[in-house]
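Contents: one structure, followed by commentary.
In my numbering, the protein residues as written are 272 to 436.
Okay, here's the thing in structure tokens:
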């Protein structure tokens with residue numbers, strides 16, 4: 272499955288980094304074909320796109336979790352006709368994913384994640400721990416004129432909370 276490059280290599284870590292508008296529009300179009308635009312706030316849709324890291328599977332997975340949360344709210348509050356995916360719902364979904372990622376990151380993985388975040392590549396792409404992180408989507412692989420890596424945006428938040436990056 273392709274990984275859309277929301278940012279050029281190394282840009283995502285920069286302050287005030289802006290995602291590629293064409294890629295963002297493509298991913299928004301994909302989501303809008305699957306969920307009505309009146310069921311999701313526009314700024315929340317944009318944040319889902321950013322937090323997916325450009326990986327289509329993650330885009331759908333995050334949105335699906337938001338829909339599950341909304342469905343639970345609809346069941347608890349059937350009289351509320353204005354439930355839509357907003358920042359609070361997205362925060363709840365992302366927190367679930369952060370906890371899932373965090374519970375499976377070992378102490379030995381922190382250095383690989385930090386190096387990949389800072390240099391867009393690990394010290395050794397053949398190291399089994401790196402490969403496990405790559406296959407577990409903790410690290411995303413981007414291919415264009417060169418091969419480079421970045422830490423999944425949700426994992427980045429975990430590392431920031433722990434003051435690792």
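C-beta: ideal position from N, C-alpha, C; glycine also.
Can you give the Cα-Cα distance for residue i and residue j, rounded to whole angstroms?
i: residue 412; j: residue 350; result: 45 Å
i: residue 414; j: residue 331; result: 21 Å
i: residue 416; j: residue 408; result: 22 Å
i: residue 368; j: residue 434; result: 19 Å
i: residue 279; j: residue 389; result: 14 Å
i: residue 385; j: residue 327; result: 24 Å
i: residue 403; j: residue 276; result: 22 Å
i: residue 308; j: residue 366; result: 23 Å
i: residue 425; j: residue 310; result: 23 Å
i: residue 396; j: residue 381; result: 15 Å
i: residue 281; j: residue 335; result: 29 Å
i: residue 293; j: residue 377; result: 36 Å
i: residue 274; j: residue 295; result: 12 Å
i: residue 342; j: residue 436; result: 35 Å
Leaving aside the five residues before and after residue i along the sequence, list all residues of the same chain whose C-beta is less than 7 Å from its C-beta, in chain order.
i: residue 337; result: 356, 360, 361, 364
i: residue 246; result: What the structure shows of the chain is the stretch from 272 to 436, and residue 246 is not part of that stretch, so it cannot be assessed.
i: residue 316; result: 299, 302
i: residue 283; result: 421
i: residue 391; result: 280, 281, 419, 420, 421
Strictly by DSSP, which residues pair up with residue i?
i: residue 425; result: Looking at the DSSP assignment, residue 425 forms no beta bridge with any residue, so it has no partner.
i: residue 320; result: In the DSSP output, where bridge partners are listed per residue, residue 320 has none listed.
i: residue 438; result: Nothing can be reported for residue 438, as the shown portion of the chain is limited to 272 through 436.
i: residue 311; result: 356
i: residue 274; result: 326
In the structure shown, what three-state DSSP assignment does residue i receive?
i: residue 327; result: helix
i: residue 388; result: helix
i: residue 382; result: helix
i: residue 340; result: helix
i: residue 434; result: coil
Looking only at its chain, what residues have a beta carbon closer than 6 Å to the beta carbon of residue i, apart from the 5 residues adjacent to it on each side?
i: residue 313; result: none
i: residue 344; result: 354
i: residue 393; result: 383, 386, 387, 401
i: residue 358; result: 315
Taking 6 Å as the line, does the beta carbon of residue i fall inside it for any heavy atom of the ligand SAM?
i: residue 363; result: This structure lacks the ligand SAM, and indeed carries no ligand of any kind.
Applying the 10 Å Cβ sphere with the 16-neighbour rule, what's the burial state of residue i?
i: residue 325; result: buried
i: residue 406; result: exposed
With a threshold of 8 Å on Cβ separation, who are the neighbours of residue i within its own chain once the five nearest residues in sequence on each side are excluded?
i: residue 373; result: 429
i: residue 286; result: none
i: residue 305; result: 331, 334
i: residue 398; result: 383
i: residue 348; result: 354
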